[in-house]
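A short write-up of the structure that comes next.
Numbering (this note's numbering), first residue to last: 2 to 502.
Printed below as a string of structure tokens:
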């Protein structure tokens, strides 16, 4: 039985060693992919071995390297980071299974490099989750950006390279131009950049300085995709679908909104933000992003583009929870990280399965596909309902807590915004399922029905699902959306310590 600190260090070591193993076995695809799967399982088991200690109140810490006196790269596990790491490590297993089916089913080139970069990205995600201070968070945040760039540009065509330039330009530009100056300014004000419960800025910054500093952090963390610095996310949709799943559910955008919550809770402090009123502007920006992105999603016929704008909207729920600065709202934001991860990865898995099976990417071309791919579209329906926030699916709890947070903050207009957003979610997600199941296929010729028979377009012989490794993952994550409805209480109990003074 290792000490908790050893497990924390192993959370970085396991995926990095896995990346080396993938490179060594590049000439043997079956062994290479076995290494990928084994690595993902080992990481998940290792991360969950830390969970009992965190539930008991432990906060294991590991010093990676001391750069200067009082300035070091350190890992420290607290409840919010534990939650993020558990989600990311769990979904890596399922995404690895899906990646094998997708990459082989579409005969994608450069598969070894794909799996290596994926493993490095997961290691960076663990570093973000377990960062003990702002400097450590920044370093792993940048490693995550750089390691996912080759994944975004995987196809190496003109569209992929253009998307990659936008992706890298916006994320590196905002982090170097805004995030890093915010960290330096915080250090000059407070004399530390450590994550401390209750924040470190109280007594060191007035309302005006706090508001400007909050602006630098919120827009410096470009992975949170607040408008108007959101364009990198739709641009990155040129990547293969497993990468889209990584971007939207496992690592990248979740690292963004996780960082937002961590900065609000441990650098500013919920009570301090409430006292200064410095986050009021952020509430309006998040509310606008939430609605505007949903409206844009309605206009997109490309399925992955629609899901990309859906993600921008759903990320704004987390930022909105942080900006309201109440315990219920922050709990809702933390739950949204978990629930959206499983719901959205289901939708992207389904999009990739559709492309692998029938090579369709436009929603208008998906008429009648539900009868051809019933398993895929049932999974898509379940993921959609969770994103919308309907019980008995996990996504209903995050929306519920955010509503309670809005009521706690006495912000009735935010309750209206949340309700309108759910209606927009219905408008851009459910028609996809309706088109698949209830519309006749494109080009279908209506034939007369023989007397004594009921007309039916369904036949087991017409089923044309994607390969098993592309169908099983969305089924598993769709089932997880249901299971999470019954696991909200343990998750809330895990994060409860960060919500109380």
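Cβ coordinates follow ideal geometry from the N, Cα and C atoms, glycine included.
Source: prediction; values computed, not measured.
- Nearest to residue 350 by C-alpha distance, out of 313, 4, 95, 500, is 95.
- For residue 77, the enclosing beta strand (DSSP E) begins and ends at 72 to 77.
- With distances taken between CA atoms, residue 199 lies nearest to 275 out of 388, 11, 467, 275.
- Fewer than three Cβ pairs drawn from the region 69 to 78 and the region 239 to 250 lie within less than 8 Å of each other, which leaves the two stretches out of contact.
- Counting every other CB atom within 10 Å of its CB across the protein chains shown gives residue 334 a total of 16 or more, marking it as buried.
- The DSSP-derived three-state label of residue 97 is helix.
- Annotated three-state conformation of residue 134 is strand, per DSSP.
- Rounded to the nearest whole angstrom, the CA to CA distance from residue 426 to residue 234 is 18 Å.
- Distance from residue 393 to residue 98 at the Cβ level is roughly 26 Å; contact not present, criterion being Cβ atoms closer than 8 Å.
- Assignment of residue 303 by DSSP, reduced to helix, strand and coil, places it in the strand class.
- Per DSSP, the continuous beta strand (DSSP E) segment holding residue 68 begins and ends at 62 to 69.
- Between the beta-carbon of residue 345 and that of residue 315 there is about 7 Å, and that keeps the pair under the 8 Å contact cut.
- For residue 80, the closest alpha carbon among the candidates 106, 102, 51 is that of 51.
- Of the residues assessed, residue 307 falls on the buried side of the cut-off, its CB having 16 or more other CB atoms within 10 angstroms.
- By the C-beta density criterion, residue 207 is exposed, having fewer than 16 other C-beta atoms within 10 angstroms.
- The region 22 to 38 makes contact with the region 97 to 113: 3 or more CB pairs, one atom from each, lie closer than 8 Å.
- Residue range 413 to 439 is occupied by the alpha helix (DSSP H) that includes residue 413.
- Counting only runs of 4+ residues, the alpha helix (DSSP H) found wholly inside the region 356 to 410 occupies 370 to 373, 375 to 389, 396 to 409, in chain order.
- Put simply, the region 319 to 339 touches the region 397 to 406. At least three CB pairs are less than 8 Å apart.
- As for any beta strand (DSSP E) of minimum length 3 sitting wholly inside the region 296 to 345, there is none.
- Here residue 467 really is in contact with residue 354; their C-beta atoms are around 4 Å apart, less than 8 Å.
- Our two residues, residue 156 and residue 104, have alpha carbons roughly 12 Å apart in a direct line.
- In the three-state DSSP reduction, residue 195 falls in the strand class (E or B).
- The beta carbons of residue 129 and residue 142 sit about 6 Å from each other, so the pair counts as a contact at 8 Å.
- DSSP, reduced to helix, strand and coil, places residue 494 within a helical segment of the structure shown.
- Straight-line spacing of the CA atoms in residue 69 and residue 239 works out to 41 Å.
- When rounded, the separation of the alpha-carbon atoms in residue 144 and residue 481 is 30 Å.
- Closest in alpha carbon position to residue 384, among 371, 260, 395, is 395.
- Of the residues 201, 479, 408, the one whose Cα lies closest to the Cα of residue 273 is 201.
- Residue 246 is positioned such that its CB atom lies no closer than 8 Å to that of residue 164.
- For residue 20 against residue 120, the beta-carbon gap comes to about 4 Å, under 8 Å, which counts as contact.
- Counting along the chain, the unbroken alpha helix (DSSP H) around residue 166 starts and ends at 159 to 175.
- Scanning its chain for C-beta atoms nearer than 8 Å, with the 5 sequence neighbours on each side dropped, one finds around residue 6 the residues 61, 62, 63, in chain order.
- DSSP, read as helix, strand or coil, puts residue 27 in coil.
- Only buried fits residue 47, as 16 or more other CB atoms lie within 10 angstroms of its CB.
- A distance below 7 Å between beta-carbons, with the five flanking residues on each side excluded, links residue 422 to the following residues of its chain, in chain order: 291, 292, 295, 314.
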